[in-house]
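Q: Quick one: the structure is below, and I'll ask about it shortly.
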Amino acid sequence: MTKAVRYDEFGGIDVLRIDEVNRPVPEDRQVLVQVRAAGINPGEAAIRTGAMADIFPSTFPSGQGSDLAGVVVEIGAGADRFSVGDEMIGFSELRAAQAELVLVDVDNLTPKPKNVSWEVAGGLYVAGVTAWGAVHSVQLEKGESVVISGAAGGVGSLAVQLARRAGATVIGLASDSNHEWLQSHSVIPVAYGDGVTDRIKAAAPNGIHAFIDTYGGGYVELALALGVAIERIDTIADFAAAAKYGVKTEPGTKARPGAEVLAELAGLIADGHLEVPIANVYPLTQVRQAYTELERRHTHGKIVLRPDPTRTSPSDKPFLHGVPQAQEARQSRRSLSRRARPEQCRRDP
Ligand SMILES: NC(=O)c1ccc[n+]([C@@H]2O[C@H](COP(=O)([O-])OP(=O)(O)OC[C@H]3O[C@@H](n4cnc5c(N)ncnc54)[C@H](OP(=O)(O)O)[C@@H]3O)[C@@H](O)[C@H]2O)c1
Numbered sequence: 001m002t003k004a005v006r007y008d009e010f011g012g013i014d015v016l017r018i019d020e021v022n023r024p025v026p027e028d029r030q031v032l033v034q035v036r037a038a039g040i041n042p043g044e045a046a047i048r049t050g051a052m053a054d055i056f057p058s059t060f061p062s063g064q065g066s067d068l069a070g071v072v073v074e075i076g077a078g079a080d081r082f083s084v085g086d087e088m089i090g091f092s093e094l095r096a097a098q099a100e101l102v103l104v105d106v107d108n109l110t111p112k113p114k115n116v117s118w119e120v121a122g123g124l125y126v127a128g129v130t131a132w133g134a135v136h137s138v139q140l141e142k143g144e145s146v147v148i149s150g151a152a153g154g155v156g157s158l159a160v161q162l163a164r165r166a167g168a169t170v171i172g173l174a175s176d177s178n179h180e181w182l183q184s185h186s187v188i189p190v191a192y193g194d195g196v197t198d199r200i201k202a203a204a205p206n207g208i209h210a211f212i213d214t215y216g217g218g219y220v221e222l223a224l225a226l227g228v229a230i231e232r233i234d235t236i237a238d239f240a241a242a243a244k245y246g247v248k249t250e251p252g253t254k255a256r257p258g259a260e261v262l263a264e265l266a267g268l269i270a271d272g273h274l275e276v277p278i279a280n281v282y283p284l285t286q287v288r289q290a291y292t293e294l295e296r297r298h299t300h301g302k303i304v305l306r307p308d309p310t311r312t313s314p315s316d317k318p319f320l321h322g323v324p325q326a327q328e329a330r331q332s333r334r335s336l337s338r339r340a341r342p343e344q345c346r347r348d349p
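1 is the number of the first residue of the sequence shown in UniProt numbering; add one for each residue after it.
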């Protein structure tokens, strides 16, 4: 038997539980991955409450999660390009990633570079490919200005860096506590809230060319008020505004970039060109605490679950427990950001 996150009905965080389930057996073109880290995402909470049931229906009992990184432990027919022991980054299309053992389609995996930590690898997929898709969708040219809302969140923290790599001047909307991190990544931080329009205009006197909204709640209207062209506004969070005004929603809810983009992002991380901030790490058994923190909506970077803290590999970082050790996690984050780390989205959001 092996542990997996499960729930039996739509609801709040308290519907989540850890079940003992049968060891999965790989079918054709699948491998069995022993999960070392699995990221969590706001979309999973929306699916769990039933708020997205029209777009992403559920059957029960439901598993949870797309993001994962781990070690191949068993290989199905037609999956022999992999070997037992391979360290991989990938994603589950079956909402199954938050578990000790997960079946993964061979096309949904890419090798984990040795110098990319398990936490970073395990939190990369949803946020990474969404940020990549959103930045590509607004077609930034060198020297243009782009505003990104939720600039220090899971998707936003990667989008700001990818937009900088495209040569744009990036204005990141975030609360004060994230301004230093944004500045350290050559992003112009701007506080959201009353007066944000004037602050953006002051930060970009030559105008705004593009807008990426990773938060919702009126940023599409703000982008339009700033004079940004409809085809250069992308929201990953406000589908009602997108439908009303015709702005983009890429990478969208269906076709999403996959393992190739994951490999590109992993390479950038390994080469020190992209940082994935890790806000906190929880054991799998503390999945409820992890979502409690996530659903406050002020995460800087990613929150990650670790199924088995006792397993280590050369690329492992010390395991940090969740809520009780939050201070330890914060200290670790601070020391990691001082070191200028060389490391540091599934069909569901
Ligand atoms: N369509 C897709 O394919 C797709 C894929 C992934 C995610 N999503 C959606 O995209 C959204 C972001 O995902 P995520 O993983 O980046 O979330 P997250 O990590 O929870 O990000 C939360 C961020 O929101 C910021 N924030 C809170 N209040 C804000 C406000 N009033 N104005 C601007 N920013 C505010 C916080 O910034 P401060 O801490 O600085 O306050 C924090 O950085 C979610 O709604 C998610 O469901 C969609």
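Glycine residues also receive a C-beta, built at the ideal position from the N, C-alpha and C atoms.
CA-CA distance, Tyr215 and Ala77?
A: One-based indexing of the sequence shown puts residue 215 at position 215. One-based indexing of the sequence shown puts residue 77 at position 77. Cα-Cα distance, rounded: 42 Å.
Q: Let me know the secondary structure DSSP gives Val287 once reduced to three states.
A: In the sequence shown, counting from the first residue as 1, residue 287 sits at position 287. Residue state, collapsed to three classes: helix.
Q: Three or more beta-carbon pairs under 8 Å between the stretch 24-33 and the stretch 296-308, yes or no?
A: no
Q: Figure out for me which residue from Ser117, Asn178, Leu173, Ile188 has the closest Cα to the Cα of Gly195.
A: Counted from its first residue, the sequence shown places residue 195 at position 195. Among Ser117, Asn178, Leu173, Ile188, the Cα nearest to that of Gly195 is on Leu173.
Q: Pull up the CB-CB distance for Arg36 and Trp118, whole angstroms please, since I reckon it's below 8 Å.
A: The residue labelled residue 36 in the question sits at position 36 within the sequence shown. The residue labelled residue 118 in the question sits at position 118 within the sequence shown. Sure, about 4 Å apart at Cβ, within 8 Å.
Q: Kindly list the residues whose CB is nearer than 6 Å to the CB of Ser145, restricted to its own chain and excluding five residues on each side of it in sequence; keep chain order.
A: Stepping through the sequence shown from its first residue, residue 145 is reached at position 145. Correct list, in chain order: Thr169, Ala204, Ile208, His209.
Q: Enumerate, from N- to C-terminal direction, the unbroken beta strand (DSSP E) stretches of 3 or more residues contained entirely within the stretch 167-223.
A: Entirely contained in the stretch 167-223, the beta strand (DSSP E) runs reaching 3 residues are, in chain order, 169-173, 188-190, 210-213.
Q: Under the assumption that Ala266 contacts Ile89 (Cβ atoms under 8 Å), give the Cβ distance between them as a whole number of angstroms.
A: The residue given as residue 266 occupies position 266 in the sequence shown. The residue given as residue 89 occupies position 89 in the sequence shown. Contact flag correct, Cβ pair sits at about 6 Å.
Q: Note the first and the last residue of the continuous alpha helix (DSSP H) segment covering Gln161.
A: Counting from 1 along the sequence shown, the entry for residue 161 is found at position 161. Residue range 154-165 is occupied by the alpha helix (DSSP H) that includes Gln161.
Q: Please confirm whether Gly78 has its beta-carbon closer than 8 Å to some beta-carbon of chain C.
A: No chain C is part of this structure, which consists of one protein chain only.
Q: Decide if Val102 is buried, meaning its Cβ has at least 16 other Cβ atoms within 10 Å, or exposed.
A: Residue mapping note: residue 102 aligns to position 102 of the sequence shown, counting from 1. By the neighbour-count rule (16 or more Cβ atoms within 10 Å), Val102 is buried.
Q: Suppose contacts are defined by Cβ-Cβ distances below 8 Å. Is Gly63 in contact with Val5 by that definition?
A: The sequence position of residue 63 within the sequence shown is 63, counting from 1. The sequence position of residue 5 within the sequence shown is 5, counting from 1. A contact, by the Cβ cut-off of 8 Å.
Q: Give me, in chain order, the residues of the same chain whose beta-carbon lies closer than 6 Å to that of Asp8; leave out the 5 immediate sequence neighbours on both sides.
A: What you label residue 8 is simply residue 8 of the sequence shown in a count that begins at 1. Leaving aside the five residues that flank Asp8 on each side, the residues in its chain whose CB is nearer than 6 Å to its CB run, in chain order, Phe60, Pro61.
Q: Hey, would you say the C-beta of Tyr291 is under 7 Å away from at least one heavy atom of ligand 1?
A: Stepping through the sequence shown from its first residue, residue 291 is reached at position 291. Every heavy atom of ligand 1 is 7 Å or more from the Cβ of Tyr291, so no.
Q: So does Thr49 have its beta carbon nearer than 7 Å to some heavy atom of ligand 2?
A: This structure does not include ligand 2; its bound ligands are ligand 1.
Q: Indicate whether the contact test is met: 3 or more Cβ pairs, each with one atom in the stretch 235-246 and one in the stretch 80-94, closer than 8 Å.
A: Under the 8 Å Cβ criterion, the stretch 235-246 does not count as touching the stretch 80-94, having fewer than three qualifying pairs.
Q: Which residue's Cα is closest to the Cα of residue 351: His298, Asp107, Lys3, Ile18?
A: No information on residue 351 is available, as it lies outside the stretch 1 to 349 that the chain covers here.
Q: Looking only at its own chain, which residues have a Cβ that is under 8 Å from the Cβ of Phe10, when we skip the five neighbours before and after it?
A: One-based indexing of the sequence shown puts residue 10 at position 10. So the qualifying residues of the chain are Arg48, Thr49, Gly50, Ala53, Ser58.
Q: According to DSSP, is Asn108 helix, strand or coil?
A: Position 108 of the sequence shown, counted from the start, is the residue given in the question as residue 108. In this structure, Asn108 counts as helix in the three-state DSSP scheme.
Q: In the DSSP assignment, what are the bridge partners of Leu305?
A: Residue mapping note: residue 305 aligns to position 305 of the sequence shown, counting from 1. Leu305 is bridged by DSSP to Ala38, Tyr282.
Q: Under the DSSP definition of a beta bridge, which residues are partnered with Ala19?
A: On the sequence shown, residue 19 is found 19 positions in, with the first residue counted as 1. Just to set this straight, residue 19 is Asp in the shown sequence, not Ala. Bridge partners of Asp19: Ala4.
Q: Got a sec? Which residues, its chain only, sit under 8 Å from Val21 by beta carbon, not counting five neighbours each side?
A: Sequence index remark: in the sequence shown, residue 21 carries index 21 (1-based). These residues qualify, in order along the chain: Met1, Thr2, Lys3, Ala4, Arg6, Ala99.
Q: Can you give the beta carbon distance from Ala46 to Asp67, rounded, assuming they're within the 8 Å contact cut?
A: Against the sequence shown, residue 46 aligns to sequence position 46. Against the sequence shown, residue 67 aligns to sequence position 67. With 8 Å as the limit, Ala46 and Asp67 do not qualify as a contact, their Cβ atoms being about 16 Å apart.
Q: Taking 7 Å as the limit between beta carbons, can you name the residues of its chain near Ala237, skipping five residues before and five after?
A: Taking the first residue of the sequence shown as position 1, residue 237 is located at position 237. The answer, listed in chain order, is Asp213, Thr214, Tyr215, Gly216.
Q: Using the C-alpha atoms, what's the distance from Asn108 back to Gln161?
A: For the purposes of this step, residue 161 is taken as the residue at position 161 of the sequence shown. For the purposes of this step, residue 108 is taken as the residue at position 108 of the sequence shown. Cα-Cα distance, rounded: 24 Å.
Q: Considering only C-alpha positions, which residue in the set His179, Asn178, Val187, Ala225 is nearest to Asp198?
A: Residue 198 sits at position 198 when you count from the first residue of the sequence shown. Answer by Cα proximity: Ala225.
Q: For my contact list, Leu274 and Tyr125 are in at a C-beta cut-off of 8 Å; report their separation, rounded to the angstrom.
A: Here residue 274 is taken as the residue at index 274 of the sequence shown, counted from 1. Here residue 125 is taken as the residue at index 125 of the sequence shown, counted from 1. Actually they are not in contact, since the Cβ atoms of Leu274 and Tyr125 sit about 14 Å apart, beyond 8 Å.
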